[in-house]
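In our numbering, the protein residues as written are -10 to 285. The C-beta atom is built at its ideal place from N, Cα and C for all residues, glycine as well. Remarks on the structure that follows.
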């Protein structure tokens, strides 16, 4: 094959363009720290990075759900703890007022504190997380109880519903984070109201003492509920630890897939610069020879 000057010049320009393109790619990797800038640069790596990003987004959503679940459960635990203290105090007052040495006037004085305890328990049942009432089921904008004062056993009416509030904690776990406010507080509020009514209406010590079983039942019930909530908090903590570990793993995979090894890039860049300078030097000689041939 006959090689002409124009062929040599064209080949030289093609090589220069390729070398310049390689040099540009390495400069972009060095400045951005990434192996690719456009999907067309590395389609498979881009697809892998998109998959890692989607997994990270799901992982972050689960972490947000877990934060919400933990906040809800901690608020519930705090309410149950406060409710337990109220009922324990009511029990102490019941024992005190059941003493036969107490006069009717003495019991009326105790009734005042019992009334405050009843109202405090109603207030505890209205616990909120942000703008949401946590004991109203899915009717989170409604207060759990309305005072209707319809007599013994019908002092308050539940305003919420029986539906569970659930959070997706990972691919396989969905947890109900709320307790049924009607089951947690209704009987206890009514029990305190009955003791208050017995004290205020002058019932005997024996009749007042009959309320102790309701107090003991309430205290045991709250202890069981706190144990249930504590177990859920333990589980959410374990899941959070796994999600955090998974996030570190996914970020490491994503980094290895798309982040440039700067030391390696710098080495390659120096080599490409050397090759490019050599191409320029070789090209300049070809151009000089071609110009001389043209003059001749």
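- Taking 3 residues as the shortest admissible run, the stretch 118 to 162 contains the following complete beta strand (DSSP E) segments, listed from N- to C-terminal end: 134 to 136, 145 to 147 and 155 to 157.
- Residue 98 sits in a helix when the DSSP states are folded into three classes.
- DSSP, read as helix, strand or coil, puts residue 91 in coil.
- With a cut-off of 8 angstroms on Cβ pairs, the stretch 49 to 63 is in contact with the stretch 228 to 243, counting three or more such pairs.
- With respect to residue 72, residue 133 sits apart: the two C-beta atoms are not nearer than 8 angstroms.
- In this structure, the CA atom of residue 44 is about 21 angstroms from the CA atom of residue 164.
- The residue from 236, 223, 111 and 234 with its alpha-carbon nearest to that of residue 63 is 223.
- Excluding the 5 residues flanking it on each side, residue 128 has same chain C-beta neighbours closer than 6 angstroms at 149 and 150, in chain order.
- Going by beta carbons, residue 210 and residue 184 fall outside the 8 angstroms limit.
- Taking 8 angstroms as the cut-off, the beta carbon of residue 106 is found no closer than this to the beta carbon of residue 80.
- For the options 52, 40, 42 and 195, the alpha carbon positioned closest to that of residue 158 is the one of 52.
- Residue 104 and residue 187 have their C-alpha atoms some 11 angstroms from each other.
- With contacts defined by Cβ atoms closer than 8 angstroms, residue 131 and residue 122 form a contacting pair.
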